[in-house]
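Q: Protein sequence lines correspond, in order, to chains D and X. Per the numbering used here, numbering through the first sequence is continuous, rising by one, with the last residue being 163. Per the numbering used here, numbering through the second sequence is continuous, rising by one, with the last residue being 163.
Number of protein chains: 2
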Amino acid sequence: MTEPFFTFDDELDLRFERIVDIKPELVWAAWTQPEHLVHWFTPAPWKTIACEIDLRPGGIFRTVMQSPEGQEFPGTGCYLDVVENERFVWTSALGPGFRPNAPEPDAMFFTAMISIEPDGDGTKYTAVAIHRSKEDRKKHEDMGFEHGWGKALEQLVEYMKSV
Amino acid sequence: MTEPFFTFDDELDLRFERIVDIKPELVWAAWTQPEHLVHWFTPAPWKTIACEIDLRPGGIFRTVMQSPEGQEFPGTGCYLDVVENERFVWTSALGPGFRPNAPEPDAMFFTAMISIEPDGDGTKYTAVAIHRSKEDRKKHEDMGFEHGWGKALEQLVEYMKSV
């Protein structure tokens with residue numbers, strides 16, 4: 001895995017790595033096509049009820065998550081770097097057109113990098129969450145980063161095997 | 001001028017346009033090489049006493065400005081989009097490696113786009129500052145956006161004619 005534009009910082013960043021048994025192209029499709037993403041993005045019983053993707057630097061990445069109680073959590077970020085079937089980066093600190101986002105109360109901005117590469121008949125999947133502070137890293141960890149991304153990835157694999 | 005990834009918003013953004021009588025390549029060099037940038041970036045009697053540039057998406061754009069009283073104002077952002085001799089975009093909302101920046105008290109994040117194109121023997125120069133809110137736009141305007149960017153550009157032209 002190449003990380004050409006940033007250095008992983010153990011004190012600030014979180015990393016999630018797995019090998020999954022579907023091809024990189026299927027992982028890519030699951031992450032980059034709204035009609036796929038809504039099926040797996042949020043660990044059940046949460047739902048993703050809307051998704052908008054403009055897959056290019058400066059393009060929008062918007063989702064609306066819904067809690068089991070029906071409360072909606074919209075989030076709008078933008079893509080920063082896209083290399084098809086290899087890697088993409090987006091951030092919650094900027095919206096479409098690279099416009100700075102206004103922080104919500106207690107919000108935690110982060111930049112995420114998803115990297116995929118072939119691994120036998122499957123895919124090595126790496127997700128990195130990049131934070132501005134140790135506090136934000138801890139907040140993200142305490143929110144259940146490892147478990148949440150793991151469950152979402154399991155849903156992704158199961159869903160993509162079914163389509 | 002093409003603005004492929006964002007739409008100018010009169011309520012949120014500021015635009016500065018001028019025609020200058022040096023070639024686009026000289027304007028580009030002035031903005032992208034630290035040894036040039038320190039000579040013109042800050043309207044006198046302020047000074048730019050340090051500059052670091054890694055001109056690629058995710059690369060650092062760091063300056064240290066110094067007030068006439070000797071107080072230093074460091075700023076670290078990152079580039080988002082670079083098209084040589086045409087356009088570059090950077091933001092103060094992210095640092096190198098696309099890492100979200102921690103806001104300073106009363107800080108105002110913005111994304112800036114500098115576009116240049118040939119205009120006869122000179123250059124049409126456009127700077128756009130992109131804000132998250134009307135309040136940040138007004139704060140930037142009140143800080144003297146138009147005057148400051150104008151004076152810096154005059155310094156840029158004068159300096160580049162001398163090198």
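C-beta: ideal position from N, C-alpha, C; glycine also.
D:PHE61 to X:SER162, Cα distance in whole Å?
A: Between D:PHE61 and X:SER162, the C-alpha separation is close to 46 Å.
Q: With a CB to CB cut of under 8 Å and the five nearest residues on each side skipped, what residues in its chain are close to D:GLU11?
A: Excluding residues within five positions, the ones whose Cβ falls inside 8 Å are LYS134 and ARG137.
Q: Within this structure, are the beta carbons of X:PHE110 and X:HIS147 separated by less than 9 Å?
A: Against a cut-off of 9 Å, the Cβ pair of X:HIS147 and X:PHE110 comes out as no contact.
Q: The alpha helix (DSSP H) with D:GLY70 in it runs from where to where?
A: Run containing D:GLY70: none; DSSP gives neither H nor E here.
Q: On the premise that X:PHE73 lies in contact with X:ALA152, defined as a C-beta separation below 8 Å, what is that separation, rounded to the nearest angstrom?
A: Contact doesn't hold; Cβ gap of about 15 Å is too wide.
Q: Checking 9 Å against the spacing of the C-beta atoms, do D:CYS174 and D:THR63 come in under that value?
A: Outside the displayed range of chain D (1 to 163) lies residue 174 of chain D, so it cannot be described from this structure.
Q: Within the same chain, show all residues whose beta-carbon is closer than 8 Å to that of X:ARG56, passing over the 5 residues directly before and after it, in chain order.
A: Once the five neighbours on either side are set aside, the close Cβ partners of X:ARG56 are TYR79 and VAL82.
Q: Using a Cβ-Cβ cutoff of less than 8 Å, which residues in the same chain neighbour X:ILE19 once the five nearest sequence positions on both sides are dropped?
A: If we look at X:ILE19 and ignore the five residues flanking it on each side, its Cβ neighbours are ASP119, GLY122, THR123, LYS124 and TYR125.
Q: Give me whichever residues DSSP pairs with D:PHE88 in a beta bridge.
A: The partner list for D:PHE88 (beta bridge, DSSP) reads D:VAL82 and D:ILE114.
Q: Mind reading off the beta-carbon distance from D:VAL157 to D:ASP13? Whole number of angstroms is fine, and I expect it under 8 Å.
A: So it is not a contact: roughly 24 Å between Cβ atoms.
Q: If you follow the alpha helix (DSSP H) that X:LYS138 is part of, which residue opens it and which one closes it?
A: Unbroken alpha helix (DSSP H) run through X:LYS138: 134-142.
Q: Does DSSP classify X:VAL157 as helix, strand or coil?
A: The answer is helix: DSSP assigns X:VAL157 an H, G or I state.
Q: Could you work out which residue in X:GLY95, X:GLY59 and X:LEU26 is closest to X:GLY75 when comparing CA atoms only?
A: Comparing Cα-Cα distances from X:GLY75 to each of X:GLY95, X:GLY59 and X:LEU26, the minimum goes to X:GLY95.
Q: Which stretch, first to last residue, makes up the alpha helix (DSSP H) that contains X:GLU35?
A: Start and end: 34-37.
Q: Measure from the C-beta of D:ARG99 to each C-beta in chain X and report whether the shortest distance is under 9 Å.
A: Closer than 9 Å: yes.
Q: Once the 5 residues before and after X:GLN66 are set aside, which same chain residues still bring their CB inside 6 Å of it?
A: The residues are LYS47, ILE49 and GLU72.
Q: May I ask you to list, following chain order, the residues of the stretch 120-132 of chain X that have a beta carbon less than 8 Å from some beta carbon of chain D?
A: The stretch 120-132 of chain X vs chain D, Cβ under 8 Å: ILE130, HIS131 and ARG132.
Q: Beta carbons nearer than 8 Å to chain X: which residues of the stretch 40-72 of chain D have them?
A: Flagged, chain order: ARG56, PRO57, GLY58 and GLY59.
Q: Who are the near neighbours of X:PRO43 in its chain, counting only those whose CB is closer than 6 Å to its CB and skipping five residues on each side?
A: Cβ within range, chain order: GLY148, LYS151 and ALA152.
Q: Mapping DSSP to helix, strand and coil, what is D:ALA152?
A: It is helical.
Q: Taking the alpha-carbon positions, what's the D:PRO24 to D:HIS36 distance?
A: Cα to Cα, the separation comes out at about 15 Å.
Q: Grouping DSSP H, G and I as helix and E and B as strand, with all else coil, what is D:GLU146?
A: It is helical.
Q: Does D:LEU94 get closer than 9 Å to chain X when you measure Cβ to Cβ?
A: So, interface residue.
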